[in-house]
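Participant: Residue numbers (our numbering): 14 to 356.
We treat Cβ as the ideally placed atom computed from N, Cα and C, and that holds for glycine.
These figures come from a predicted structure and were not determined experimentally.
1) If you pair each beta-carbon of the region 307 to 316 with each one of the region 117 to 126, do three or more pairs fall below 8 angstroms?
2) Touching or not, the region 223 to 231 and the region 204 to 213, by the rule of three or more beta carbon pairs under 8 angstroms?
3) Which parts of the region 166 to 224 are runs of the beta strand (DSSP E), unbroken and 3 residues or longer, counting only runs that do not cross its ends?
4) Exposed or buried, residue 272, counting other C-beta atoms within 10 Å across all chains shown (16 or more means buried)?
5) Grab the span of the beta strand (DSSP E) containing residue 136 for me, first residue to last.
6) State the DSSP-derived secondary structure class of residue 233, mapped to helix, strand or coil.
7) Could you check whether residue 334 and residue 318 sit closer than 8 angstroms to each other, using their CB atoms as the reference points?
8) Given 7 angstroms as the limit, tell me if residue 339 has its C-beta closer than that to any heavy atom belonging to the ligand SAH.
9) Using the Cα positions of residue 216 and residue 79, report the straight-line distance between them to the nearest angstrom.
10) What is the C-beta distance between residue 349 and residue 96, in whole angstroms, given that I count them as a contact (C-beta under 8 angstroms)?
11) Could you spell out where the beta strand (DSSP E) holding residue 362 opens and where it closes?
12) Tell me whether residue 84 sits in a helix, a strand or coil according to DSSP, three-state version.
13) Rounded to the nearest angstrom, how far is the Cβ of residue 146 from that of residue 158, given a contact under 8 angstroms?
14) CA-CA distance, residue 200 and residue 223?
15) Would you report the Cα separation of residue 244 and residue 343, rounded to the nearest angstrom?
16) For a quick check, are the C-beta atoms of residue 175 and residue 153 less than 8 angstroms apart?
17) What three-state label does DSSP hand residue 79 in the structure shown?
18) Helix, strand or coil for residue 341 per DSSP?
19) What first and last residue would you give for the beta strand (DSSP E) that runs through residue 288?
20) From residue 253 to residue 190, what distance separates their C-alpha atoms?
21) For residue 284 and residue 355, what's the separation of their Cα atoms in angstroms?
22) With DSSP run on the structure shown, which of helix, strand or coil describes residue 278?
23) On the three-state DSSP scale, how would you describe residue 258?
24) So the beta strand (DSSP E) residue 357 belongs to, where does it begin and stop?
25) Looking at the structure shown, is residue 376 part of a helix, part of a strand, or coil, going by DSSP?
26) With respect to the beta strand (DSSP E) encompassing residue 159, which residues constitute its N-terminal and C-terminal limits?
27) Could you tell me how far apart the beta carbons of residue 178 and residue 151 are, in whole angstroms, since I believe they sit closer than 8 angstroms?
28) So residue 133 and residue 113 are in contact, right, with Cβ under 8 angstroms, and what is the actual spacing, rounded?
29) Out of curiosity, what's the CA-to-CA distance linking residue 188 and residue 172?
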């Protein structure tokens, strides 16, 4: 037994029960009444701060899908740069019966506009989700998902599309299975080929290894294959991928420097086109709790910047620009804006 001292000066207690070497995360607990002590516990640690810090225990990280092995760096390099379109609009809301609605619109730099409306309903008791989308190209999309119903970690997806103008149809079926240390997916295009694309990733203590392959049933041949390895930790991650039949190689790195700063880089080499290596570097800075800024630069001298701010609850504004630093006197630069409203 370790006697406790009443919490003068902002002192706090942390109690950690350990039974025969089985650790439990420490939990904050108030100090005992003045002059008294805790009862028998295995470990009582007194920390001289207003709040005790939890002990650092590495979390068990889930294994990503094959396409997401390099996701932290990819998101930093590609998301929240708003110059790709002249303007984008998104409105999201949920009806009282649980149906989620989303309306999106986009205007490209070549004056082409497009939009889509989506409705999504989830029946939690059965794990069934129905999503229907209709866009300005007059394509009707329906997606059915069944999650964790047949087996824990198993997700089934059916995707169907119909184009009324030409009566063209599409049907796809997907299987996704996720367990600790494993993430596998299978995608089947039932009306084209049919074809199958299968990928799988295994992970252990942050190390990741995965592979992907495409198969054409009619040709009875493997049409594509890829491989990837990586390492993921809470503050940083790295990945090396070989795609397009192991002809395009990419190495990426992501680092969360602190609560405000993130940095990342990616190098790409195409063995079919020559010796040139493409390079991108990016960084993100959180200005305050409601806004952040991003900057990106590639080996061709293209610089991109992005700014995102929560104007008020449910309203987000994004501004971005892309500038060719080698042709500053020419009209090659692009600007864009994004508006997001959530009810």
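Facilitator: Reading off the structure:
1) No: the two stretches stay apart, fewer than three of their Cβ pairs being nearer than 8 angstroms.
2) yes
3) 167 to 176, 181 to 192, 195 to 202 and 208 to 217
4) Position 259 of the chain shown holds residue 272. In this structure residue 272 is exposed. Its beta-carbon is surrounded by fewer than 16 other beta-carbon atoms within 10 angstroms.
5) Taking the chain shown and counting its residues from 1, the one referred to as residue 136 is at position 123. The continuous beta strand (DSSP E) containing residue 136 extends over residues 126 to 136.
6) Counting from 1 along the chain shown, the entry for residue 233 is found at position 220. Here residue 233 sits in coil by DSSP.
7) Here residue 318 refers to the residue found at position 305 of the chain shown. Here residue 334 refers to the residue found at position 321 of the chain shown. Yes; because the gap between Cβ atoms is below 8 angstroms, this pair is in contact.
8) The ligand content of the structure shown is nil, which means the ligand SAH is not present either.
9) As a first step, residue 216 must be located in the chain shown, where it is residue number 203. As a first step, residue 79 must be located in the chain shown, where it is residue number 66. Going by the C-alpha atoms only, they are around 11 angstroms apart.
10) Against the chain shown, residue 349 aligns to sequence position 336. Against the chain shown, residue 96 aligns to sequence position 83. About 4 angstroms; that satisfies the 8 angstroms criterion.
11) The shown model of the chain, from 14 to 356, leaves out residue 362, and the question about it has no answer.
12) Locating residue 84 in the chain shown gives position 71, where the first residue counts as 1. Residue 84 falls in the helix class under three-state DSSP.
13) Start at 1 with the first residue of the chain shown, and residue 146 comes out as number 133. Start at 1 with the first residue of the chain shown, and residue 158 comes out as number 145. About 14 angstroms; that fails the 8 angstroms criterion.
14) Here residue 200 refers to the residue found at position 187 when the chain shown is read from its first residue. Here residue 223 refers to the residue found at position 210 when the chain shown is read from its first residue. Rounded to the nearest angstrom, the two C-alpha atoms are 16 angstroms apart.
15) Position 231 of the chain shown, counted from the first residue, corresponds to residue 244. Position 330 of the chain shown, counted from the first residue, corresponds to residue 343. Each residue's Cα considered, the two are about 42 angstroms apart.
16) Counted from its first residue, the chain shown places residue 175 at position 162. Counted from its first residue, the chain shown places residue 153 at position 140. Their beta carbons are under 8 angstroms apart, which means residue 175 touches residue 153 by this criterion.
17) For this step, residue 79 is matched to residue 66 along the chain shown. In the structure shown, residue 79 sits in a helix (DSSP, three-state: H, G or I).
18) By one-based count along the chain shown, residue 341 stands at place 328. Residue 341 falls in the coil class under three-state DSSP.
19) Here residue 288 refers to the residue found at position 275 of the chain shown. Unbroken run through residue 288: none, as it is neither H nor E.
20) For the purposes of this step, residue 253 is taken as residue 240 along the chain shown, with counting starting at 1. For the purposes of this step, residue 190 is taken as residue 177 along the chain shown, with counting starting at 1. Near 23 angstroms, if we compare the C-alpha coordinates of residue 190 and residue 253.
21) Taking the chain shown and counting its residues from 1, the one referred to as residue 284 is at position 271. Taking the chain shown and counting its residues from 1, the one referred to as residue 355 is at position 342. Going from the Cα of residue 284 to the Cα of residue 355 covers about 45 angstroms.
22) Locating residue 278 in the chain shown gives position 265, where the first residue counts as 1. Look at residue 278 here: in three-state DSSP terms it is strand.
23) Mapped onto the chain shown, residue 258 falls at position 245. DSSP places residue 258 in coil when its eight states are reduced to three.
24) Residue 357 cannot be examined here, being either before or after the span of the chain that is shown, 14 to 356.
25) The structure shown does not extend to residue 376, since the chain is modelled only from 14 through 356, so no value can be given for it.
26) For the purposes of this step, residue 159 is taken as residue 146 along the chain shown, with counting starting at 1. That run of the beta strand (DSSP E) goes 153 to 160.
27) Numbered from its first residue, the chain shown carries residue 178 at position 165. Numbered from its first residue, the chain shown carries residue 151 at position 138. Right, the Cβ-Cβ distance comes to about 6 angstroms (below 8 angstroms), so this counts as a contact.
28) Looking up residue 133 in the chain shown gives position 120. Looking up residue 113 in the chain shown gives position 100. So it is a contact: roughly 4 angstroms between Cβ atoms.
29) On the chain shown, position 175 is the one that residue 188 refers to. On the chain shown, position 159 is the one that residue 172 refers to. Using only the alpha carbons, I get a separation of about 12 angstroms.
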